[in-house]
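For reference, the structure discussed in these notes is given below.
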Amino acid sequence: MSISLVGQIAGRSIRHELAEGILIIGRGAEAGLRLPLASISRKHAEIRRDGDVLTVADLGSRNGTRVNGQLVIGPLALQPGDQLELSGVLLRVEGDQPARPTHFTESATLIPREELSWEEITAERQRKQSRQSRLFQILADAGELLTIPRAPAELYEPILDLVDTALEPERSFILLLEAGRPDPMIVASRIKGNPSEGGLCLSRTMVNRVIEQRTSFLTTDPVNDPNFDGALSMVNQSIRTAVAAPLFDNEDVIGLLYADDTRAKRISRDELRAFTMLANSIAVAITNARYHVLEEEKHRQDAQLATASEILDHILPAELPEIAGWDLTASLEPCYEVGGDLYDARLLADGRLAVLVGDVTGKGLGAALLVSQVLSLVRFMLGEQWHPGPLMNRLNREIYLTTDHVRFTTAFLGLLDPATGRMVCVNAGHNPPFVVRADGSIETCATGGLPIGLLEDTKYAAKELTLAPGDILALFSDGIPEATNADDQEYGEERFAGLVTAHRHASLPEVVQTTHDDLERFRGEVPVGDDMTLLLLRRR
Numbered sequence: 006m007s008i009s010l011v012g013q014i015a016g017r018s019i020r021h022e023l024a025e026g027i028l029i030i031g032r033g034a035e036a037g038l039r040l041p042l043a044s045i046s047r048k049h050a051e052i053r054r055d056g057d058v059l060t061v062a063d064l065g066s067r068n069g070t071r072v073n074g075q076l077v078i079g080p081l082a083l084q085p086g087d088q089l090e091l092s093g094v095l096l097r098v099e100g101d102q103p104a105r106p107t108h109f110t111e112s113a114t115l116i117p118r119e120e121l122s123w124e125e126i127t128a129e130r131q132r133k134q135s136r137q138s139r140l141f142q143i144l145a146d147a148g149e150l151l152t153i154p155r156a157p158a159e160l161y162e163p164i165l166d167l168v169d170t171a172l173e174p175e176r177s178f179i180l181l182l183e184a185g186r187p188d189p190m191i192v193a194s195r196i197k198g199n200p201s202e203g204g205l206c207l208s209r210t211m212v213n214r215v216i217e218q219r220t221s222f223l224t225t226d227p228v229n230d231p232n233f234d235g236a237l238s239m240v241n242q243s244i245r246t247a248v249a250a251p252l253f254d255n256e257d258v259i260g261l262l263y264a265d266d267t268r269a270k271r272i273s274r275d276e277l278r279a280f281t282m283l284a285n286s287i288a289v290a291i292t293n294a295r296y297h298v299l300e301e302e303k304h305r306q307d308a309q310l311a312t313a314s315e316i317l318d319h320i321l322p323a324e325l326p327e328i329a330g331w332d333l334t335a336s337l338e339p340c341y342e343v344g345g346d347l348y349d350a351r352l353l354a355d356g357r358l359a360v361l362v363g364d365v366t367g368k369g370l371g372a373a374l375l376v377s378q379v380l381s382l383v384r385f386m387l388g389e390q391w392h393p394g395p396l397m398n399r400l401n402r403e404i405y406l407t408t409d410h411v412r413f414t415t416a417f418l419g420l421l422d423p424a425t426g427r428m429v430c431v432n433a434g435h436n437p438p439f440v441v442r443a444d445g446s447i448e449t450c451a452t453g454g455l456p457i458g459l460l461e462d463t464k465y466a467a468k469e470l471t472l473a474p475g476d477i478l479a480l481f482s483d484g485i486p487e488a489t490n491a492d493d494q495e496y497g498e499e500r501f502a503g504l505v506t507a508h509r510h511a512s513l514p515e516v517v518q519t520t521h522d523d524l525e526r527f528r529g530e531v532p533v534g535d536d537m538t539l540l541l542l543r544r545r
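Take 6 as the starting number for the sequence shown in this note's numbering and just add one per residue.
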């Protein structure tokens, strides 16, 4: 049987099929089902599947796990239809259900009093030619506007066709409210006769009543109408009949539908009601069309994020090199699906180790492309044995010439001789790394020059540092020290350096995990605000 977890996170629908074995659910990169929310623990819960048997267990999460409202203490059985709650995220367990046969009986106890075939309905519709029946037909046609996804502008002509069929006015207008504008704006119109006579001057009293009170308006005698003190504008335009209805989408009034005529026309209350219902259907169609545009934009952005994520998956190092006498580990936790941080570590042909940490401006596809460009150029020049200073100068010029001058990146590059512990490094506007010495003292590296890509002719000078046995070099991005809590306090480099110092004798992966745990405790419920990258290098 196919069993899946179905739900929504951050407005995005998710469906994850449960395979045999264990599924880890959490915020961390190691989770099989990743829920990137601050309230979700890195390893929040696990689901085990053995055949059609499911169990769920909480992994010591901060906010707990529930099934159908029951707090999970130990392993708990799951069934299709159960609701799994992980700190506000609701996931439903769905499984394929076998089809059940429908049972029929030969009983003749149900005898119809009347029968009506579809052919009779069609024939009756064709026979009725009255104005009222035509209005109901128009309402049925208006419903078709809701069935075909399209852009709002593509609806305007079909809407005017419906108004024309309903009332046969000389003029009809669609007016929509726009953010930042007090009055509705004409987005479409249809005018019969001389287009030069198509100017629209509406009574503000009428417009306010239609929009603010959701009241439809009809006048066939504007001269003597006591309800609209602005009716003079209609008289000046020789208007004898005018009708308006709110474009109400069942939640908000988004504008109004208006039609008028220089001829005196008899419009009944039922026709006004039908016109109002037509305006309601039109408003729903326009709102749905707007949502469709937003959904299309979201799909486009999701596709870009997927492309960016794929780029980063291929460009960032899949594994780190092993160097005799040295320990090396790295972690990159993006703020969103795709971040702007980067790191690299690779052994060169001459035996030296190159380490790089950077942070490009922006997120998404643009950031991923710039990360790809920076890493590709650096790797090429390292392969050609460029010295760090000239390498950074050339990298700066290439990024400046090939970007829009709004994008740039900070970077720290170091070349380490493993035999001596001597590192030649360049800092281009990045957070200064620090060295935790074996005795617990801390030394901060030089700040360096401007970020890469800001100015065409920036020059970078190389510096040196030496790592003795037991020393740890910490390279990081600003997402760590600039993390904030509910009181808007920053985590800070001092706290970060103190934590690394206190755990300098632990394994480097343990130091990384301890850092992330401490950051999580510090932030509390405040979500991650920036990418967090940490690369640690220790000489044994």
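Glycine residues also receive a C-beta, built at the ideal position from the N, C-alpha and C atoms.
TODO: Taking E162 as part of the alpha helix (DSSP H), name the residues at either end of that continuous run.
DONE: Along the sequence shown, one-based indexing puts residue 162 at 157. Note, E162: alpha helix (DSSP H), Y161 to L172.
Open item on the list: Which residue wins for smallest C-alpha separation from D275, given the options Y296, H508, R47 and L172?
Closed with: To locate residue 275, count along the sequence shown from 1; it is residue 270. The shortest Cα separation from D275 among Y296, H508, R47 and L172 belongs to L172.
Task: Residue nearest to V360 in terms of C-alpha spacing, selected from S377, P326 and A372 - done: Against the sequence shown, residue 360 aligns to sequence position 355. Nearest option by C-alpha distance: P326.
- [ ] Determine contact between the region 479 to 494 and the region 421 to 428, defined as no fewer than three beta-carbon pairs at a distance below 8 angstroms.
- [x] no
Open item on the list: Please report the straight-line C-alpha distance between T538 and E403, rounded to a whole angstrom.
Closed with: Locating residue 538 in the sequence shown gives position 533, where the first residue counts as 1. Locating residue 403 in the sequence shown gives position 398, where the first residue counts as 1. When rounded, the distance between both Cα atoms is 25 angstroms.
Task: Opening and closing residue of the beta strand (DSSP E) in which T210 lies - done: Working through the sequence shown from its first residue, we reach residue 210 at position 205. Careful: T210 lies outside any beta strand (DSSP E), inside the alpha helix (DSSP H) at R209 to E217.
- [ ] Have a look at the DSSP bridge pairing and note the partners of M190.
- [x] Residue 190 sits at position 185 when you count from the first residue of the sequence shown. M190 pairs with L181.
Open item on the list: Taking 7 angstroms as the limit between beta carbons, can you name the residues of its chain near L546, skipping five residues before and five after?
Closed with: Look at the range of the chain in this structure, 6 to 545, and you will see that residue 546 is not part of it.
Open item on the list: Is the separation between the beta-carbon of V517 and that of S336 shorter than 8 angstroms?
Closed with: Taking the sequence shown and counting its residues from 1, one reaches residue 517 at position 512. Taking the sequence shown and counting its residues from 1, one reaches residue 336 at position 331. Yes, Cβ-Cβ distance for V517 and S336 is below 8 angstroms.
Open item on the list: Can you tell me where the beta strand (DSSP E) holding E469 begins and where it ends?
Closed with: The residue given as residue 469 occupies position 464 in the sequence shown. Residues K468 to T471.
Open item on the list: If you reduce the DSSP assignment to three classes, tell me which class M537 lands in.
Closed with: Mapped onto the sequence shown, residue 537 falls at position 532. M537: strand per DSSP, three-state reduction.
Task: Under 8 angstroms between C-beta atoms of R155 and H304 - done: Position 150 of the sequence shown, counted from the start, is the residue given in the question as residue 155. Position 299 of the sequence shown, counted from the start, is the residue given in the question as residue 304. Contact: no.
Task: 8 angstroms Cβ cutoff met for A479 and F417 - done: Translated into the one-based positions of the sequence shown, residue 479 becomes position 474. Translated into the one-based positions of the sequence shown, residue 417 becomes position 412. In this structure, F417 does not lie closer than 8 angstroms to A479 by Cβ.
Open item on the list: Using the Cβ count rule (16 or more neighbours within 10 Å means buried), how would you classify F253?
Closed with: As a position in the sequence shown, residue 253 is number 248, starting the count at 1. The residue is buried, with at least 16 neighbouring Cβ atoms inside 10 Å.
- [ ] Assign H510 to buried or exposed, taking buried as 16 or more other Cβ atoms, counted over all protein chains shown, within 10 Å of its Cβ.
- [x] In the sequence shown, counting from the first residue as 1, residue 510 sits at position 505. With fewer than 16 Cβ atoms within 10 Å of its Cβ, H510 is classed as exposed.
- [ ] Would you mind working out which of R186, A24, A36 and E183 sits nearest L64, comparing C-alpha positions?
- [x] On the sequence shown, residue 64 is found 59 positions in, with the first residue counted as 1. That would be A36, whose Cα lies nearest to the Cα of L64.
Task: Length of the line joining the Cα atoms of F527 and V533 - done: For this step, residue 527 is matched to residue 522 along the sequence shown. For this step, residue 533 is matched to residue 528 along the sequence shown. The alpha-carbon atoms of F527 and V533 are separated by roughly 11 angstroms.
TODO: Starting from C340, follow its DSSP beta bridges and name the residues at the other end.
DONE: Indexing the sequence shown from 1 puts residue 340 at position 335. C340 pairs with nothing; no bridge assigned.
Task: Cβ separation of D476 and A507, assumed to be a contact under 8 angstroms, to the nearest whole Å - done: Numbered from 1 along the sequence shown, position 471 holds the residue referred to as residue 476. Numbered from 1 along the sequence shown, position 502 holds the residue referred to as residue 507. Wrong, their Cβ atoms sit about 16 angstroms apart, outside the cutoff.
TODO: Scan the region 247 to 332 and note each continuous alpha helix (DSSP H) run of 4 residues or more that stays entirely inside, going in chain order.
DONE: 274 to 320
Task: Separation of P251 from G235, as counted between CA atoms - done: Locating residue 235 in the sequence shown gives position 230, counting from the first residue. Locating residue 251 in the sequence shown gives position 246, counting from the first residue. Residue confidence for G235 is low, a pLDDT of 45 falling below 50, so the modelled location carries little weight and cannot support an answer.
- [ ] Report buried or exposed for M6, applying the criterion of at least 16 other Cβ atoms within 10 angstroms of its Cβ.
- [x] Mapped onto the sequence shown, residue 6 falls at position 1. Answer is exposed; the Cβ neighbour count stays below 16.
TODO: Under 7 angstroms Cβ to Cβ from P456, same chain only, skipping five residues before and after it: list those, please.
DONE: Residue numbering aside, residue 456 sits at position 451 when the sequence shown is read from its first letter. Taken in chain order, the residues that qualify are F413, T414, T415, A433 and G434.
Task: When V168, L380 and L10 are compared against R351, the one with the closest alpha-carbon - done: The count along the sequence shown starts at 1 and reaches residue 351 at position 346. The option with the nearest alpha carbon to R351 is L380.
- [ ] Check whether the Cβ atoms of L205 and I216 lie closer than 8 angstroms to each other.
- [x] Looking up residue 205 in the sequence shown gives position 200. Looking up residue 216 in the sequence shown gives position 211. No, these two residues do not count as a Cβ contact at 8 angstroms.
- [ ] Rank Q306, L262, V531 and L382 by C-alpha distance to the C-alpha of S44 and give the top, closest one.
- [x] Mapped onto the sequence shown, residue 44 falls at position 39. Closest option to S44, Cα to Cα, is V531.
Task: Proximal residues to E51 (C-beta, below 8 angstroms), its chain only, five neighbours per side dropped - done: On the sequence shown, residue 51 is found 46 positions in, with the first residue counted as 1. Result list for E51: I27, L28, I29, I30, V61, A62 and L64, in chain order.
Task: Whether Y465 touches N398 by CB criterion (8 angstroms) - done: Taking the sequence shown and counting its residues from 1, one reaches residue 465 at position 460. Taking the sequence shown and counting its residues from 1, one reaches residue 398 at position 393. It is a contact, given that the beta carbons lie within the stated cut-off.
- [ ] State the CB to CB distance for the pair L223 and A193, rounded to an integer number of angstroms; the pair is presumed to be in contact (CB under 8 angstroms).
- [x] The residue given as residue 223 occupies position 218 in the sequence shown. The residue given as residue 193 occupies position 188 in the sequence shown. Not confirmed; about 21 angstroms, so no contact.
Task: Rounded separation between D266 and A247 - CA only - done: Indexing the sequence shown from 1 puts residue 266 at position 261. Indexing the sequence shown from 1 puts residue 247 at position 242. Taking the straight line from one Cα to the other gives about 6 angstroms.
Task: C-beta atoms of R357 and L420 nearer than 8 angstroms - done: Position 352 of the sequence shown, counting from 1, holds the residue named residue 357. Position 415 of the sequence shown, counting from 1, holds the residue named residue 420. Yes, these two residues count as a Cβ contact at 8 angstroms.
Task: Contacting residues, own chain, Cβ-Cβ under 6 angstroms from A24 (five flanking each side not counted) - done: Along the sequence shown, one-based indexing puts residue 24 at 19. Hits under 6 angstroms: none found.
Open item on the list: Does S18 come out as helix, strand or coil in the three-state DSSP assignment?
Closed with: Your numbering for residue 18 matches position 13 in the sequence shown. Strand, per DSSP.
- [ ] On a CA-only basis, which of G458, P437 and L459 is nearest T449? Give me that one, please.
- [x] As a working note, residue 449 is residue 444 in the sequence shown. Nearest of G458, P437 and L459 to T449, Cα basis: P437.
Task: DSSP-derived helix/strand/coil call for I485 - done: To locate residue 485, count along the sequence shown from 1; it is residue 480. Three-state result, I485: coil.
Open item on the list: Here's the rule I'm using: 16 or more other beta-carbon atoms within 10 Å means buried, otherwise exposed. How should S482 be labelled?
Closed with: Here residue 482 refers to the residue found at position 477 when the sequence shown is read from its first residue. Answer is buried; the Cβ neighbour count reaches 16.
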